[in-house]
Amino acid sequence: MMKQYFDDLVNGIEAKIKEDPGSMSPRKIYALEVAKIGRRLYGGEERVAWCGVTAPFDLLAAMGITSCFVEFVGAMLASTGMVSEFLAEAEQAGFAGDTCAYHKSVLGAARKNLMPVPDFLIATSCPCTGGLAVMENLARHFKKDLFVLNIPQEETDQSVQYLADQIQDMVRFVSNHTGEPLSEDRFREAIANTNKAREIMVDVYKMAMNLPSPANGRLFGNFGIVVALLLGTQAAVDVATVYRDSFKEMLKNKVSGIPNERYRLLWIQNRIQFKNPLIEILETQYNASIISDELNDITWDPINPDNPYIGLARRAISIPFNGQGRRRIRHLQQMAKDYRIDGAINPCHWGCRQGSGARGLVSKGLGEIGVPVLNLEVDCIDSRNFAQGQLKTRLEAFIEMLDNRSSPWN
Amino acid sequence: MTNMKKEKIGFTCAYTPIAMADAAGYIPYRVLPVSEVPDQAGRILHDNLCPHVKRVLDRALENDLPEDLTGMIFMNSCDAMRRLADAWMETRPKDKVIILDLPTTPEKIDISFFAQELSRLSDTLAAWSGSRITAGKILQSIDQYNRIADRIQTLNSFLADGKLKGSGKRLQELINLATSIPFEDSLKLLDDEIIKNKNHPAEMNGIPVFLFGNVMPDPEFFSLIEDCGVQIIGNDFCTSTRMFSQLPCKKEESIFAQLSGHILGKPPCARSFDPSHPGKIADDVVQKAKSLGARGVIGHSLKFCDPYLARLPMVRDTIQGTEIPLLLLEGDCTLRSFGQQKTRIEAFAEMLR
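Line by line, the protein sequences are chains A and B.
The first sequence begins at 1 in the working numbering and counts up by one.
The second sequence begins at 411 in the working numbering and counts up by one.
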């Protein structure tokens, strides 16, 4: 079922682009490359590793592994409207109804044989303990070997070295499973691709800060977190390049992401993955545009190809969800300043302890710099309890509140 | 009693190296989620966060804490605990706070990193207390801690044999006390209790069951469970026996590495696991229940505790392959919903008869 879905998606997008090259948009190219990952995962021809969110996907790509964080599957199932059956399966199996639906859907999909059997699994302790628990469950379910990367909370010389050493151990673990050592040349090439994509994405994000922004609520949704899956490959460079070229063109022609941009919004944590009208309502009824997501940022330095493990470790430690809440809040405050954000929306994904657990402190932190936060109560994966009317009312009230206050950046 | 001028250093997780706080001249004090203060932590955290963490934060918000509590040691054991540390620093900005990274696996590389974390803790405690903490002092405190663990183990064996007067309730009362008073006072208390009980006749007043879970510090909970027709012959909670496991450090040299290895290797909370044996927690529960001769197993997890809730299906699947029935309960650290649970436990006991 999923193989067919990804095949159709890839073929459909490619056919559209071929038929009408003018329809090629950054989002379409991004969707195409993401669909290709799905096709490889489900194709049955490549070595597959199910991973945690902060695994070094570029290094794994250099080792010939198609790797993906498991939450990707949850998001895909939600976006295709198929997730309910898998959530129900997991709940039937005893997984609590109030745990993260990204994880529950994956566990349900595994039980219904909808997850490809991996060659092995690589768990990461960041961003969440729920994610680790899922990986342990999947390893037991698939009877496959599991490797764990413990991501330290703070960046110190010692913690970076600890993670760098673990990543090197991971390389040995992978080699033991594939029977092939890591090719230094392929690793260098992957790091070069990562650095190149990084450099271009820095430009892309800078352009998105423009007033008005070339970004909008659809163009950039999930971008930062999912593009990590492409790192190390030419696809990452291509996707970043098409975004940069498109934004450059838009800025040159004074075209903004939405017409008459009035409010600039920041989306906190992750998007609602199933079809819903909230972004459209914001854009068309209120000229309010989601111009960035919390993870649409580069928080790491270029990786030194002569000492790559240290750079990979620093990158994993640097993600905003890691470490103390204060660090995450400082990052959000900086983004709000950089993008001249009028307000932020936090979906407070039901079941996400690491994210929603910081709800009050995030609101307070952004409030301190004059940026109000709308805390929703949404399950970003499970559409069964989606209360569109209530959420619409909350959005309207939030925009009304923005109407009655001056921008923090004037 | 011993020197009452010692200040307290709080902690909230069974992985906390409390012997180091003792070595630094502090009384390690477990901030238990037991209080009559109003529920309000949800406004800072989120209502669907671990009730243990929320209740502890409620205590901080209402200053329902000992006056001489001057600092906190938090372990990065799970998402909720990390968020508690954030909220604590916001709520009580004057407190001294340290957060220790805690690897989830007990590999050599993890032991080495956690040893560095323990060294950082030692330096921090020395700075807080103004006095140097030597390896000798730490070893002495570990020795005291091990003696407490030994006493708890003895009392736990009394519990298994039905010889502990007051049964599970009394054991929990003693453990709660042992995590809030000076080590030397704990030892005296536990020694007295052993003397009182060692000749107590064995009594089995219900079906023998094994209890496991995460956080349940209220002694009354154990009493209420036993009122339903079962007798607790062993339990494995973060707030009970798992709080005190032997840390057999032998020498001053490389004390942090030794301590690290023993802490990461102790009977684990669900948040820790052995990657080479996924789901070992389920096998451990079965093994413990069988070794104690339990006729039933009761699992009690807090709501919203991902590490446990995500592993309970594995426990359920594993235990289904044995002849030991399992009852799973969810709670919120309080006895507010015990009425509903009581009916289920009574039915479970009825089935075991």
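Note that beta-carbon positions come from the ideal geometry of N, C-alpha and C, so glycine has one too.
Computed from a prediction, not measured in an experiment: that's the story for all the values here.
Any C-beta of chain A under 7 angstroms from that of residue i
i, result
"B/HIS780", "It is not possible to answer for residue 780 of chain B, since the shown part of chain B is limited to 411 through 763."
"B/PRO503", "no"
"B/ASP716", "yes"
"B/PRO735", "no"
"B/ARG453", "yes"
"B/ASP684", "no"
"B/ASP459", "Reading off the sequence shown, one finds Leu at residue 459 of chain B, where the question assumed Asp. Yes, contact with chain A."
"B/ASP553", "no"
"B/THR589", "no"
"B/GLN770", "In the structure displayed, chain B extends from 411 to 763; residue 770 of chain B sits before or after that span and is not available."
"B/PRO688", "yes"
"B/ALA720", "yes"
"B/ILE519", "yes"
"B/THR515", "yes"
Minimum Cβ-Cβ distance from residue i to chain B less than 7 angstroms
i, result
"A/GLN158", "yes"
"A/ALA139", "yes"
"A/TYR309", "no"
"A/GLU136", "yes"
"A/TYR162", "yes"
"A/ARG330", "no"
"A/VAL148", "yes"
"A/THR178", "no"
"A/THR129", "yes"
"A/SER356", "yes"
"A/THR99", "yes"
Neighbour-count burial assignment, residue i, 16 or more Cβ in a 10 Å radius
i, result
"B/GLY689", "buried"
"A/MET115", "buried"
"B/GLY703", "exposed"
"A/GLY22", "exposed"
"B/THR412", "Low confidence applies here, because B/THR412 scores a pLDDT of 48, under 50, leaving its location unreliable; read the following figure in that light. Exposed is the call here."
"B/ASN645", "buried"
"A/MET401", "exposed"
"B/LYS579", "buried"
"B/LEU442", "buried"
"B/ASP468", "buried"
"B/ARG440", "buried"
"A/ASN385", "exposed"
"A/ARG330", "exposed"
"B/SER487", "buried"
"A/ALA387", "exposed"
"B/ALA757", "exposed"
"A/PRO56", "buried"
"B/ARG453", "exposed"
CB of residue i within 7 angstroms of CB of residue j, strictly
i, j, result
"A/GLY179", "A/SER213", "no"
"A/ALA197", "A/ALA240", "yes"
"A/VAL10", "A/LYS36", "yes"
"A/LEU376", "A/PRO347", "yes"
"A/ALA78", "A/ILE281", "no"
"A/ALA90", "A/GLN273", "no"
"B/CYS679", "B/CYS648", "yes"
"B/GLY671", "B/MET614", "no"
"A/THR99", "B/LEU719", "yes"
"B/ILE508", "B/THR426", "no"
"A/TYR243", "A/VAL202", "no"
"B/VAL696", "B/ILE729", "yes"
"B/LYS538", "B/GLY481", "Per the sequence shown, residue 538 of chain B should be read as Trp rather than Lys. For B/TRP538 and B/GLY481, yes; Cβs fall inside 7 angstroms."
"A/ALA266", "A/ALA344", "Here the sequence assigns Leu to residue 266 of chain A, which means Ala is not the residue at that position. Yes, Cβ-Cβ distance for A/LEU266 and A/ALA344 is below 7 angstroms."
"A/ASN210", "A/LEU251", "yes"
"A/TYR263", "A/ASP342", "yes"
Cross-strand partners of residue i (DSSP beta bridge)
i, result
"A/SER67", "A/ALA49"
"A/ARG140", "Note: A/ARG140 sits in no beta bridge, so no partner."
"A/VAL148", "A/ALA123"
"A/GLY44", "Answer is none; A/GLY44 lacks a bridge partner."
"B/GLY420", "B/TYR439 and B/MET482"
"A/TRP267", "A/ASP293 and A/ILE345"
Closer than 6 angstroms: residue i CB and nearest the ligand SAH heavy atom
i, result
"A/LEU219", "No copy of the ligand SAH appears in this structure; indeed no ligand is present at all."
Complete beta strand (DSSP E) runs within the segment 319–382 of chain A (minimum length 3 residues, chain order)
Entirely contained in the segment 319–382 of chain A, the beta strand (DSSP E) runs reaching 3 residues are, in chain order, 343–346 and 373–375.
Residue ranges of each alpha helix (DSSP H) within the segment 538–621 of chain B, 4 or longer
Within the segment 538–621 of chain B, the runs of alpha helix (DSSP H) that reach at least 4 residues and sit entirely inside it are, in chain order, 545–571, 577–588 and 593–607.
I'd like the ranges of any alpha helix (DSSP H) spanning at least 4 consecutive residues and lying wholly in the segment 619–702 of chain B.
Correct list: 629–636, 665–675 and 690–702.
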